[in-house]
Amino acid sequence: MLDKLWRKNFMNAWRAACDHPGKARLLVPAGVFALSAIVFGGPCKGISPIVVQITGILKAVPDISMYPSPEWLLFESINGLVILGGGAVDGQGAIMWAMNDCEKNQNCARLPASIILNKVTNASVRRITSIDPMGFHFFVSLSKNVRMFRLHIKAPATSPNTDGIHISTSDWVRVARSRIETGDDCIGILQGSTRIAINRVTCGPGHGISIGSLGNRPNERDVSGIQVKNCTLRGTENGLRIKTWPFKPNVIPIQASGFLFQDVILDNVKNPIVIDQQYCGGGKGCKMQPSRVRLSNIYFNNIVGTSTTPQAISVKCSTAVPCQNVHFININLKSAQGVPTTAACTSARLNLQGIQIPLTKCY
């Protein structure tokens with residue numbers, strides 16, 4: 001009952017702020033507020049940007065029937081938005097995680113993400129803490145010119161499908177100076193993403209920073225202009241990973257190009273550098289036809305650290321469309337156990353410069 005009252009109050013406050021003709025700010029005061037699914041919808045009428053200041057704690061109502069779609073706090077169709085804090089959003093996901101079967105079921109229903117930016121332009125999200133989401137922490141979709149910085153994202157390493165920041169079909173998204181500890185990809189960059197810049201992000205635990213998976217659904221769009229710089233990944237399942245699905249007859253092939261991974265520390269990472277064009281999502285029954293996603297112009301520059309497994313580099317490109325112009329420049333990945341590290345590579349055109357530990361030869 002209290003949830004319905006608070007939800008109504010939040011909706012009324014948002015509508016008043018969004019319709020105000022001048023500058024407007026929605027303040028979430030100190031305190032704890034339980035909310036189910038809510039849409040902060042635009043377009044707004046006032047002077048851009050509209051500001052949402054979270055100083056208190058928002059807690060999700062842990063009842064899946066209260067979420068008709070996989071969103072909790074949805075910001076949609078807004079030009080000019082600032083979300084800032086000091087406060088926190090708590091998805092109370094531990095109660096819901098047992099319902100997640102995505103590791104076994106490729107057609108699983110996604111659990112609600114905590115904060116979603118959909119069809120948002122000119123936005124800034126800063127100084128927000130996200131705790132234990134039901135699904136993703138943040139999801140940026142169909143958006144442009146989004147800056148996200150000084151975020152603290154945290155969930156247990158065992159929490160399923162709790163991507164830190166999930167980016168899809170968006171342009172010019174920048175993530176910086178943030179700490180991400182979660183159970184899936186710290187940052188996942190999906191189809192249709194262009195001009196994405198990741199800088200000074202600390203990741204771990206988690207599954208690393210991933211581009212993909214790509215080539216899984218109809219009507220996907222190309223991916224280009226991805227930069228990951230000055231990041232540190234500690235104790236993660238994967239480090240820097242690109243993943244595409246085997247060919248599917250109903251999926252139009254896309255191109256993924258112009259990726260730069262530079263000045264990255266991979267500390268005690270299980271799979272430090274991975275290009276996997278045979279990705280199957282943990283599901284069974286994949287028909288392993290060669291991927292048709294074209295990968296090209298990929299740079300790994302000054303990547304250093306330690307691997308917890310002997311194989312520090314795995315490059316499995318498509319035999320149908322081999323990877324083009326993959327550059328390894330000053331790679332130094334040693335074993336955390338003090339044994340020599342190895343690299344495996346198939347179907348890629350490599351360019352090697354500078355230090356190469358381990359040495360990658362492609363066949």
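First residue of the sequence shown: 1, per my numbering; consecutive thereafter. Glycine included, C-beta positions come from ideal geometry on N, C-alpha and C.
Asked	Found
Boundaries (first-last residue) of the beta strand (DSSP E) holding H152	152–154
Supposed close pair Q92, A60 - CB separation, criterion 8 Å	5 Å
Whole-angstrom distance between N161 and E237, CA atom to CA atom	13 Å
Supposed contact pair S291 and G215 - C-beta distance, whole angstroms, cut 8 Å	6 Å
7 Å Cβ shell around P21 - same chain, five flanking residues per side excluded	K45, G46
Residue span of the beta strand (DSSP E) that contains A60, given as start and end	57–60
Bounding residues of the beta strand (DSSP E) (the contiguous stretch that carries D267)	255–269
Own chain residues within Cβ distance below 7 Å of W172, not counting five before or after	K144, N145, R195
Cβ pair S257, S296 closer than 8 Å	yes
8 Å contact criterion, which V28 and L58 should meet: CB distance rounded	7 Å
Where I298 falls, given that 16 or more other Cβ within 10 Å makes a residue buried	buried
V264 to G56 span [Cα, whole Å]	35 Å
Nearest candidate by alpha-carbon position, reference R25, set V269, I50, F40, A197	I50
Cut-off 6 Å between Cβ atoms - residues of its own chain near P62, not counting five sequence neighbours on either side	Q92, I95
Cβ-based neighbour list, W97, same chain, cut-off 7 Å, excluding 5 preceding and 5 following	S159, P160
C-beta contact flag for A312 and P358 at 8 Å	yes
Residues sharing a beta bridge with T346, DSSP	K316
Identity of the residue in S224, G208, N79 nearest V120 by Cα	N79
Range covered by the beta strand (DSSP E) that runs through Q324	323–335
Rounded distance between the beta-carbons of T306 and N268, thought under 8 Å	6 Å
Extent of the continuous beta strand (DSSP E) run through W393	What the structure shows of the chain is the stretch from 1 to 363, and residue 393 is not part of that stretch, so it cannot be assessed.
Nearest candidate by alpha-carbon position, reference F136, set A17, K23, I329, P70	P70
Limits of the beta strand (DSSP E) - the one that A113 falls within	113–126
Cα-Cα separation between C317 and D276, rounded to whole angstroms	6 Å
Assigned exposure category for S65 - 16 Cβ within 10 Å defines buried	exposed
Cβ-based neighbour list, P133, same chain, cut-off 6 Å, excluding 5 preceding and 5 following	G91, G93, S114, T162
Backbone secondary structure at D163 - three-state DSSP	coil
Cβ-heavy atom distance, A60 to the ligand FAD, below 7 Å	In terms of ligand content, the structure shown is empty, and the ligand FAD therefore cannot be addressed.
Minimum C-alpha distance to R221 - residue among V293, V274, A197, C203	V293
First and last residue of the uninterrupted beta strand (DSSP E) at N199	194–203
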